[in-house]
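Below is one structure, written out as structure tokens; the observations come after it.
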Amino acid sequence: ENQYERVNHVDQKVLACMKGTYEKCYHLFDNYTMDDTIAEENTKEEASEAKKFLNAVMKTKVMTIARSYINHSRKHRGKNQLSQKAFMKTVAKAWFGQFDTRYAKSVSGFEHTFIGEKSQGKLKGYHFWLKYLIDDSKSNHDGEDQIDFDYQADKGNNPHYIAIKFLRDDDTNDDLNESDGEIDDFSENEELDGNAWTDDEEEEENDVEDRFQSDPEPKLSKGISSFMVGSSPEATMALGMVLMEIARQSNAHRSHNNNGVSAKVFGDVFQFFCFVGGRGRQNIKTVYPQLFS
Numbered sequence: 009e010n011q012y013e014r015v016n017h018v019d020q021k022v023l024a025c026m027k028g029t030y031e032k033c034y035h036l037f038d039n040y041t042m043d044d045t046i047a048e049e050n051t052k053e054e055a056s057e058a059k060k061f062l063n064a065v066m067k068t069k070v071m072t073i074a075r076s077y078i079n080h081s082r083k084h085r086g087k088n089q090l091s092q093k094a095f096m097k098t099v100a101k102a103w104f105g106q107f108d109t110r111y112a113k114s115v116s117g118f119e120h121t122f123i124g125e126k127s128q129g130k131l132k133g134y135h136f137w138l139k140y141l142i143d144d145s146k147s148n149h150d151g152e153d154q155i156d157f158d159y160q161a162d163k164g165n166n167p168h169y170i171a172i173k174f175l176r177d178d179d180t181n182d183d184l185n186e187s188d189g190e191i192d193d194f195s196e197n198e199e200l201d202g203n204a205w206t207d208d209e210e211e212e213e214n215d216v217e218d219r220f221q222s223d224p225e226p227k228l229s230k231g232i233s234s235f236m237v238g239s240s241p242e243a244t245m246a247l248g249m250v251l252m253e254i255a256r257q258s259n260a261h262r263s264h265n266n267n268g269v270s271a272k273v274f275g276d277v278f279q280f281f282c283f284v285g286g287r288g289r290q291n292i293k294t295v296y297p298q299l300f301s
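Residue numbers (the working numbering): 9 to 301.
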């Protein structure tokens, strides 16, 4: 049994009884324009769905642990402690705040990491196992299998991790809803300053991606997508917040280099990466794992 087969049945049960944060996360999958050159047209309904999801995430144990760690770190850095309300706003901005880069519009960490984006004819981001599982079935919003598996890039030794190359249908049914309201803390309305990250720093993922050429429409090529199989939405979001704080401890968030944070998970050593952008680099751009050992 290879990793590709494993992810497709590791939790068909999740689809059958998807509740809580999984269910609320699923409702966000069709809220974004796949083409990153097209600005998002955010609606009140989409904002409401995002807030419901965030409210559910903030009540989870892993986010409580993340806030505790961050406050402990902030204390040592001479910063004020974050109340639950303040932390929620920080998380909202980090994951849902939208900002522009030199070539992309209205990008956000949530869209890039959990859903993926079409960029220069390729699929970028896409580091959430459940999104892959749903897209590789008929349980997605289009009701069609959108994934053509190419090959497995990892060695298959860890059942909780997968790195694969695949093709995905080019979603031409972009978000065409008219914008009918602000999204409060979920959008970045200020213009970027001169220090904001630009395309040169965007998507510093596996270098192997650049070796693959994009396939003709209507398929998008994803060079290498890596994710932890079975990881919850809140676990990924909490990890991103902790990684941002670790980077701030050494001012690494101001550098173009990110060597990741090493951690032993399920018996193997992983590198977990987090890249940031936006004004003051308060927005997450991507979070993903890489098997180190």
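Note that CB positions come from ideal geometry on N, CA and C, so glycine has one too.
Residue pairing of PRO297 in beta bridges, as defined by DSSP: PHE280. In the DSSP secondary-structure assignment, GLU125 is bridged to LYS132. Between LEU228 and LEU175, the gap from beta carbon to beta carbon is short of 8 angstroms. Closest in alpha carbon position to LYS132, among ILE142, LYS87 and GLU119, is GLU119.
PRO297 and THR29 do not touch by the CB rule: their CB atoms are close to 19 angstroms apart, not below 8 angstroms. Taking the CA atoms as reference points, GLN290 sits about 15 angstroms from ALA246. Linking LYS32 to ASP38 through their CA atoms gives a straight-line distance of about 12 angstroms.
Taking the CA atoms as reference points, SER145 sits about 7 angstroms from GLN154. For ALA47, the number of other beta carbons within 10 angstroms of its own is below 16, and it is reported as exposed. Under DSSP, the beta-bridge partners assigned to LYS230 are PHE174. In this model, ARG85 and ARG287 are separated by some 21 angstroms (Cα to Cα). Taking the C-beta atoms as reference points, GLY124 is found no nearer than 8 angstroms to ALA102. Here DSSP, grouped into helix, strand and coil, assigns GLY86 to coil. The beta-carbon separation of HIS135 and PHE274, rounded to 17 angstroms, does not stay under the 8 angstroms limit for a contact. Assigned with DSSP and collapsed to three states, ALA271 falls in strand.
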